[in-house]
Amino acid sequence: MTTAMTEADSTDRAFMRLALDQAQNAWLLGEVPVGAVIVHGGRVIATGYNRPIGDSDPTAHAEITALRQAASLLGNYRLPGCTLYVTLEPCAMCAMALLHARLDRVVFGARDPKTGAAGSVLNLFDEPRLNHHCILHTDVEADSCGRLLQDFFRERRNQLRQARETAAVELVTPIEAEGDRGREDAQSRVHATGIDVQHLDEAGDATANPSQV
2 MTTAMTEADS
12 TDRAFMRLAL
22 DQAQNAWLLG
32 EVPVGAVIVH
42 GGRVIATGYN
52 RPIGDSDPTA
62 HAEITALRQA
72 ASLLGNYRLP
82 GCTLYVTLEP
92 CAMCAMALLH
102 ARLDRVVFGA
112 RDPKTGAAGS
122 VLNLFDEPRL
132 NHHCILHTDV
142 EADSCGRLLQ
152 DFFRERRNQL
162 RQARETAAVE
172 LVTPIEAEGD
182 RGREDAQSRV
192 HATGIDVQHL
202 DEAGDATANP
212 SQV
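Using the numbering used here, the first residue of the sequence shown is number 2, and each one after it goes up by one.
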């Protein structure tokens, strides 16, 4: 069952703000800022934030890290009676994990038009052929959740732009001073730092998708 909430109740908004706090932790580590909390009996029993880069784990989305923590605490992979709050619409991987966990409710903030599996691209929560369903509430604190992602990607684009400008300056000076030898040395320094000047703009364009990469 899917419920689009135009006026989320105060409890859901409060727990979503806690999920936003977790998303800030991801930002501080250079990860896409998505956060999650799991609530049981009116209290938070698990938290998680996006960390696939730091953990070298493509499955380490906010929802998955929170599920692992809650399952470990309760000693059961099934989490009946629990609600998960997440700042970004779950992807297909996370949606299936949430359904397998037998959660009662899933509440998310911002929609993901590229990979969202809770209504934007597809809706696994309303798939009649699956053997478990849960209540889905959408758009809780959506503006705050979406703004956090927009701010993060704006900062990332600015960093890429600055890196491109710095790389261009470092290339020009030795080229003018030393001719062909300077050109080769400058290009070697750029490649050594991992800055690919040719593709910086392409990398910036990729940040338009607020997905958990």
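Cβ coordinates follow ideal geometry from the N, Cα and C atoms, glycine included.
Neighbour-count burial assignment, residue i, 16 or more Cβ in a 10 Å radius
i, result
"T7", "Unreliable placement is indicated for T7, whose pLDDT of 43 sits below 50; the coordinate value is still reported in the next sentence. Its Cβ having fewer than 16 others within 10 Å, T7 is exposed."
"G55", "exposed"
"L131", "exposed"
"G76", "exposed"
"H62", "buried"
Cα-Cα separation between residue i and residue j, rounded to whole angstroms
i, j, result
"N124", "C95", "12 Å"
"A193", "G117", "In this predicted model, A193 has a pLDDT of only 43, less than 50, meaning its place in the structure is not dependable; the value taken from the coordinates is given anyway. A193 and G117: Cα-Cα distance of roughly 37 Å."
"L104", "L150", "26 Å"
"A15", "E90", "18 Å"
"G42", "T12", "12 Å"
"P34", "R52", "9 Å"
"F153", "G31", "9 Å"
"A72", "R162", "42 Å"
"A164", "G82", "48 Å"
"G120", "V45", "26 Å"
"L19", "D113", "20 Å"
Secondary structure of residue i, DSSP reduced to three states
i, result
"C92", "coil"
"A37", "strand"
"G49", "strand"
"L123", "coil"
"A111", "strand"
"T84", "strand"
"R130", "coil"
"R148", "helix"
"R79", "coil"
"R155", "helix"
"R44", "strand"
"P59", "coil"
"R103", "coil"
"E32", "coil"
"A164", "helix"
Boundaries (first-last residue) of the alpha helix (DSSP H) holding residue i
i, result
"L137", "Unbroken run through L137 is the beta strand (DSSP E), 136–139; no alpha helix (DSSP H)."
"R246", "Residue 246 is absent from the structure shown; the chain starts at 2 and stops at 214."
"L24", "The residue you asked about is not Leu; residue 24 is Ala in the sequence shown. That run of the alpha helix (DSSP H) goes 11–29."
Any C-beta of chain C under 8 Å from that of residue i
i, result
"N132", "Absent from the structure is chain C; it holds one protein chain and no more."
Residue i beta carbon near the ligand ADP (any heavy atom closer than 7 Å)
i, result
"V122", "Questions concerning the ligand ADP fall outside what the structure shown contains, since it holds no ligand whatsoever."
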